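Contents: one structure, followed by commentary.
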Amino acid sequence: MTTPALLPLSGRRIPPLNLGPPSFPHHRATLRLSEKFILLLILSAFITLCFGAFFFLPDSSKHKRFDLGLEDVLIPHVDAGKGAKNPGVFLIHGPDEHRHREEEERLRNKIRADHEKALEEAKEKLKKSREEIRAEIQTEKNKVVQEMKTKEKKPLPAVPIPNLIGTHGGDPEDNDLREKREKIKEMMKHAWDNYRIYGWGHNELRPIARKGHSTNIFGNSQMGATIVDALDTLYIMGLHDEFRDGQKWIENNLDFSVNSEVSVFEVNIRFIGGLLAAYYLSGEEIFKIKAVQLAEKLLPAFNTPTGIPWAMVNLKSGVGRNWGWASAGSSILAEFGTLHMEFVHLSYLTGNPIYYKKVMHIRKLLQKMDRPNGLYPNYLNPRTGRWGQYHTSVGGLGDSFYEYLLKAWLMSDKTDHEARKMYDDAIEAIEKHLIRKSRGGLTFIGEWKNGHLEKKMGHLACFAGGMFVLGADGSRMDRAGHYLELGAEIARTCHESYDRTALKLGPESFKFDGAVEAVAVRQAEKYYILRPEVIETYWYLWRFTHDPRYREWGWEAALAIEKYCRVTGGFSGVKDVYSSTPTHDDVQQSFFLAETLKYLYLLFSSDDLLPLDHWVFNTEAHPLPVLHLANTTLSRNPAVR
Ligand code: DMJ
Numbered sequence: 016m017t018t019p020a021l022l023p024l025s026g027r028r029i030p031p032l033n034l035g036p037p038s039f040p041h042h043r044a045t046l047r048l049s050e051k052f053i054l055l056l057i058l059s060a061f062i063t064l065c066f067g068a069f070f071f072l073p074d075s076s077k078h079k080r081f082d083l084g085l086e087d088v089l090i091p092h093v094d095a096g097k098g099a100k101n102p103g104v105f106l107i108h109g110p111d112e113h114r115h116r117e118e119e120e121r122l123r124n125k126i127r128a129d130h131e132k133a134l135e136e137a138k139e140k141l142k143k144s145r146e147e148i149r150a151e152i153q154t155e156k157n158k159v160v161q162e163m164k165t166k167e168k169k170p171l172p173a174v175p176i177p178n179l180i181g182t183h184g185g186d187p188e189d190n191d192l193r194e195k196r197e198k199i200k201e202m203m204k205h206a207w208d209n210y211r212i213y214g215w216g217h218n219e220l221r222p223i224a225r226k227g228h229s230t231n232i233f234g235n236s237q238m239g240a241t242i243v244d245a246l247d248t249l250y251i252m253g254l255h256d257e258f259r260d261g262q263k264w265i266e267n268n269l270d271f272s273v274n275s276e277v278s279v280f281e282v283n284i285r286f287i288g289g290l291l292a293a294y295y296l297s298g299e300e301i302f303k304i305k306a307v308q309l310a311e312k313l314l315p316a317f318n319t320p321t322g323i324p325w326a327m328v329n330l331k332s333g334v335g336r337n338w339g340w341a342s343a344g345s346s347i348l349a350e351f352g353t354l355h356m357e358f359v360h361l362s363y364l365t366g367n368p369i370y371y372k373k374v375m376h377i378r379k380l381l382q383k384m385d386r387p388n389g390l391y392p393n394y395l396n397p398r399t400g401r402w403g404q405y406h407t408s409v410g411g412l413g414d415s416f417y418e419y420l421l422k423a424w425l426m427s428d429k430t431d432h433e434a435r436k437m438y439d440d441a442i443e444a445i446e447k448h449l450i451r452k453s454r455g456g457l458t459f460i461g462e463w464k465n466g467h468l469e470k471k472m473g474h475l476a477c478f479a480g481g482m483f484v485l486g487a488d489g490s491r492m493d494r495a496g497h498y499l500e501l502g503a504e505i506a507r508t509c510h511e512s513y514d515r516t517a518l519k520l521g522p523e524s525f526k527f528d529g530a531v532e533a534v535a536v537r538q539a540e541k542y543y544i545l546r547p548e549v550i551e552t553y554w555y556l557w558r559f560t561h562d563p564r565y566r567e568w569g570w571e572a573a574l575a576i577e578k579y580c581r582v583t584g585g586f587s588g589v590k591d592v593y594s595s596t597p598t599h600d601d602v603q604q605s606f607f608l609a610e611t612l613k614y615l616y617l618l619f620s621s622d623d624l625l626p627l628d629h630w631v632f633n634t635e636a637h638p639l640p641v642l643h644l645a646n647t648t649l650s651r652n653p654a655v656r
């Protein structure tokens, strides 16, 4: 038994008493309880005696101080709060030895009385039955849990909430659209309900095995990634009972003090992004509080020689490291470059500039670096501050870094000109070195590897169609028309990558090589894991052009998902989109609920639902409001108290 077992007497903390399950033999539990309380008694008596002895037995070192000739007696030190409360702390001051003796006597009596009282209380306790003691301990525990909850619920400082327009509605104009939108909502219900039944609290769902699932990005934790990722989609679809269920789980179970090594990027975009969006949409304080708690746990990842964060961090120990597969121990551009939106919101909501400073530091560092051909390589070593392998892509490893430059500008109400300039410079270099037209006239974005253009485009890179149209307004030399066109060309290419398969679902990546156009060649690239990027691009194109083809293409994709990915226990990815008899991978990704279904729902809604001049979607499709921060800086935001 350790000292914490003493704590019930003080009523301050939960003792780690394990009473054992009810099936334990009766005598064993009784014996353990008695043992604990007897030890408790002995220890409390012992501590009390030591306490008295320490302060009141003659102390030669104290008496030596009399020899200083300044004073010849001890009086309580009264000028420090701590000394005043602690009668054991004395300083040499006055000549009144008699007064000192009286004080000493008074304290001795008090200690004696306290000691006797403690013994009496302990005796009383031992007279109680096992059940009564158990009930008392349970009451203590409940009290502490309640205290912790109250502490957690303590509101953060109030800040003006940005303009929250279009959080509901979006009812489309005609019946056909209404039916399509309802169908997407039904798909969401199917995905959610099955996760609710078979995977609740796990990060993701195995819809065929009908059990929980997780991957290394979430460490070994059960953090309910699907719940957090899905909340805002549930909310905008009007699935309020489901939303409340998720909220309850978060309130009671979402705990970040776990010994688990998670991906900083994934946790940021899915959890912090998801919680912040849920907060803004619903106004429920708990989401903001959880987002801030989690953000604090991510901060140690920035403790590197350069301030470029590690890819992974252990939420408990704060120890960070990088992926073993990353070039030369590097951090990844799309990971450390995709924190800005969430971190700016965190600083805005808490009044704490630390988050803002961390991401601005990354930006400043990147600005200073040489860029081969104006391109940002995907790898940067956080120890040396040097680029790793010269590999640039707008797909995996690079993608959302570019997206967040543009969105930092949009989210700042178009006042963050530095971000806009970095975005413009970057996409100019990308257009020059990475974007090409195939022989068949399809525009694609290749990958730059050590001075060579690989004519391969990833499904992930298809998001760029939406990014180009989103950034068209405000582009340099008023090239808005050009970027609208470029976005439309990318959308068309990505649609082709879907259309040229047996399932009408796109492969993970596709080639442009001689006669091969927009088709995956290697078996390992033929899978579809319920990814959103192509549908995301259709939706942006729809919002900016209202060309009906984007709704048609979106509907084609929705039908294909329904036909080939839906199983009784949810939705699953498929291993080969070129095979008409698909094999399932048995994973329902959390981004399917966060992004794929949300973008489909928005595609069949009217534009007044989450209008783009008020909301900016993070890379996991979590909408965050535009912050009107003109005439203010986040490190000294006057709006914050
Ligand atoms: C999502 O988690 C995010 O969109 C991220 O930026 C990259 N892709 C996945 C879904 O494909």
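Residue numbers (my numbering): 16 to 656. The C-beta atom is built at its ideal place from N, Cα and C for all residues, glycine as well. Predicted, not measured: the structure shown is a model, and the values here were computed from it.
Check: Are the Cβ atoms of V334 and F358 separated by less than 8 Å?; Outcome: no
Check: Could you spell out where the alpha helix (DSSP H) holding D189 opens and where it closes?; Outcome: Premise fails: D189 is in no alpha helix (DSSP H) and is neither H nor E.
Check: Evaluate G626 with the Cβ neighbour count: other Cβ atoms within 10 Å of its Cβ, from every protein chain shown; 16 or more gives buried, anything less gives exposed.; Outcome: The sequence shown places Pro at residue 626, not Gly. P626 is exposed by the Cβ-count criterion.
Check: Once you ignore the five residues that flank L608 on each side, which residues in its own chain have a CB closer than 7 Å to its CB?; Outcome: M203, A206, W207, T241, D244, A245 and T248
Check: For the region 443-469, which segments carrying the alpha helix (DSSP H) assignment without a break, of at least 4 residues, lie completely within its bounds, in sequence order?; Outcome: none
Check: For G466 and Y405, what's the separation of their Cα atoms in angstroms?; Outcome: 8 Å
Check: Candidates D562, A479, T321 and A572: which alpha carbon is nearest T516's?; Outcome: A572
Check: From the DSSP output, in three-state form, read off Y394 for me.; Outcome: strand
Check: In three-state terms, what does DSSP make of V174?; Outcome: coil
Check: Any idea what DSSP makes of E635, helix, strand or coil?; Outcome: coil
Check: Using a 10 Å radius around the Cβ and a threshold of 16 neighbouring Cβ atoms, would you call G253 buried or exposed?; Outcome: exposed
Check: Look up N329 in the DSSP assignment and say whether it is helix, strand or coil.; Outcome: strand
Check: Quick check on the burial criterion: 16 or more other C-beta atoms within 10 angstroms. Buried or exposed for W630?; Outcome: buried
Check: In angstroms, rounded to a whole number, what distance separates the CA positions of V88 and A128?; Outcome: Per-residue confidence for V88 stands at a pLDDT of 25, beneath the threshold of 50, marking its modelled position as unreliable; no derived number is given.
Check: Can you name, in chain order, every residue of its own chain whose Cβ lies under 8 Å from the Cβ of K303, other than the five neighbours on each side?; Outcome: L171, L290, L291, Y294 and L364
Check: If you run the structure through DSSP and keep just helix, strand and coil, what is V409?; Outcome: coil
Check: What did DSSP end up calling I180 once you bin it into helix, strand or coil?; Outcome: coil
Check: Is it buried or exposed for M327, if we count other Cβ within 10 angstroms and need 16 for buried?; Outcome: buried
Check: Would you identify the three-state DSSP class for Q603, choosing helix, strand or coil?; Outcome: strand
Check: Kindly list the residues whose CB is nearer than 6 Å to the CB of G551, restricted to its own chain and excluding five residues on each side of it in sequence; keep chain order.; Outcome: Residue 551 is actually Glu in this sequence, not Gly. Correct list, in chain order: F478, G481 and Y614.
Check: Check the DSSP bridge columns for H228 and list the partner residues they point to.; Outcome: E219
Check: What number of angstroms, rounded off, separates the C-alpha of L639 from the C-alpha of M426?; Outcome: 8 Å
Check: Cα separation between D657 and Y579?; Outcome: Absent from the structure is residue 657, since the part of the chain shown begins at 16 and ends at 656.
Check: Answer yes if the region 539-557 comes into contact with the region 586-598, meaning at least three C-beta pairs across the two stretches below 8 Å, and no otherwise.; Outcome: yes
Check: Does F233 come out as helix, strand or coil in the three-state DSSP assignment?; Outcome: helix
Check: Give a yes or no on whether the minimum CB-CB distance between L520 and chain C is below 8 Å.; Outcome: As a matter of chain content, chain C is missing from the structure shown, which is built from one protein chain.
Check: Considering only heavy atoms of the ligand DMJ, does any lie closer than 7 Å to the CB of H332?; Outcome: Reading off the sequence, residue 332 comes out as Ser, not His. Checking the Cβ of S332 against the ligand DMJ gives no.
Check: By DSSP, does E299 sit in helix, in strand, or in coil?; Outcome: coil
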